[in-house]
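In what follows, a single structure is set out as structure tokens and then discussed.
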Ligand code: AHM
Ligand code: MG
């Protein structure tokens, strides 16, 4: 593999597979620590498989009966789309029955699903984030995180899954966009793969992705300014000052797509707390923490406005939190604006 030489001002994406084709399975095997058993690689491979199946349906979304509402309300009080339910079923099915995953925590399920008392891993996921965008053919994504259980001799308990992001041993997302990409980290950099639909494999696109030195974008839903917590307007004012980085505002309203663009081109994505909803909208365990883990691995960071997102211990699997992830200097500046006068 050779080192990618990005255009000035373009994405800083480390190396990429210029010499030969590397499948995600091969990359996982070649890059696992010598001491590893390979089980974690297989969990990531199972998630990649789920991504292929989900992608094959999202690509046909407008043509299938899956587009539309499922007629049930999930634990968040949101109407579940049929594709949410389908994606959740696919993830559960792919992660079950191998003796690798013990517990699955999903946005779509009110309680953790215990599938194996003695398996070593816990997977947390949002099977289809941004699904309100499906009808309009906008990018959506699967977000996931993996914890390793400390004691597999006893049945799993809350302590196995109610854990801070610092305990994650892997995290990533699958982006269903103009192409399908899987981006993950096991704590040794962030690596990105593109699904070649013709051969049915995720192929290495970039290894060791880093946020570029100069950020290009901020991603906030500015229509919500009147509802935001105090301090956010200070940040927006700072963004618009002539002496601050010249950023464009881009907001897709699909966290994976917003994060992915900012990873490649530099920037920050945020969903703040609101006056009537201080914890905001996004969930800590399967949205905020995995994205913060990736951000840190790519040289950035994640925050809830005052604390590192990876240091927050959840009390509930569906706990919400303000989320700010991306370029370190922008997240630092945002924290300064939010805590000023606090
Ligand atoms: P979801 O988990 O119900 O799909 O909601 C999460 C999505 C995020 O992808 C996105 O960042 C956010 O909702 C957009 O919300 P809003 O439309 O309020 O800006
Ligand atoms: Mg979501």
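In the numbering used here, the protein residues as written are 141 to 482. For each residue, glycine too, the CB sits at the ideal point set by N, CA and C.
(request) Report yes if the C-beta distance between residue 364 and residue 391 is below 8 Å; otherwise report no. (result) no
(message) Using CA atoms only, rank isn't needed, just tell me which of 437, 284, 455 is closest to residue 468.
(response) 437
(message) Please return the same chain residues whose Cβ sits closer than 6 Å to the Cβ of residue 341, not counting the five positions on each side in sequence.
(response) Cβ-Cβ distances below 6 Å link residue 341 to 163 in the same chain, with the five nearest sequence neighbours on each side left out; the list follows chain order.
(request) May I ask you to report which of helix, strand or coil DSSP gives residue 367? (result) helix
(request) For residue 401, count neighbouring C-beta atoms within 10 Å of its own C-beta (all shown protein chains included) and say buried if the count is 16 or more, exposed if not. (result) buried
(message) Can you determine whether any heavy atom of ligand 1 sits closer than 7 Å to the C-beta of residue 411, and answer yes or no?
(response) yes
(request) Decide if residue 298 is buried, meaning its Cβ has at least 16 other Cβ atoms within 10 Å, or exposed. (result) exposed
(request) Tell me where the alpha helix (DSSP H) around residue 399 begins and ends. (result) Segment 395-405, the alpha helix (DSSP H) holding residue 399.
(message) Quick check on residue 453: buried or exposed, where buried means 16 or more other Cβ atoms within 10 Å of its Cβ?
(response) exposed
(message) If distances are taken between C-alpha atoms only, which option among 228, 259, 328, 312 comes closest to residue 290?
(response) When each option's Cα is compared against that of residue 290, the closest is 259.
(request) Give a yes or no on contact between the region 313-320 and the region 171-184, applying the rule of three or more CB pairs nearer than 8 Å. (result) no
(message) So for residue 477, helix, strand or coil by DSSP?
(response) helix
(message) Would residue 261 and residue 242 qualify as a contact pair, given that the criterion is a beta-carbon distance under 8 Å?
(response) yes
(request) Kindly give me the distance between the Cβ atoms of residue 324 and residue 184, rounded to whole angstroms, as I take these residues to be in contact under 8 Å. (result) 6 Å
(message) To test your reading of the DSSP string, which unbroken alpha helix (DSSP H) runs of 4 or more residues are found completely within the region 267-320?
(response) Under the rule that a run must span 4 or more residues, the alpha helix (DSSP H) segments found entirely inside the region 267-320 read 298-301.
(message) Distance check for residue 355 and residue 480, CA to CA, integer angstroms please.
(response) Going by C-alpha positions, residue 480 is about 23 Å away from residue 355.
(request) Please work out which residues of its chain come closer than 7 Å, Cβ to Cβ, to residue 429, disregarding the five sequence neighbours upstream and downstream, and give them in chain order. (result) 285, 305, 308, 449, 450
(request) Can you give me the Cβ contacts of residue 440 inside the same chain, cut-off strictly under 6 Å, excluding the 5 residues immediately before and after it? (result) 351, 466, 467, 468
(request) Please name the residue or residues paired with residue 414 in a DSSP beta bridge. (result) In the DSSP output, where bridge partners are listed per residue, residue 414 has 368, 417.
(message) Please report the distance separating the alpha-carbon of residue 447 from that of residue 426.
(response) 17 Å
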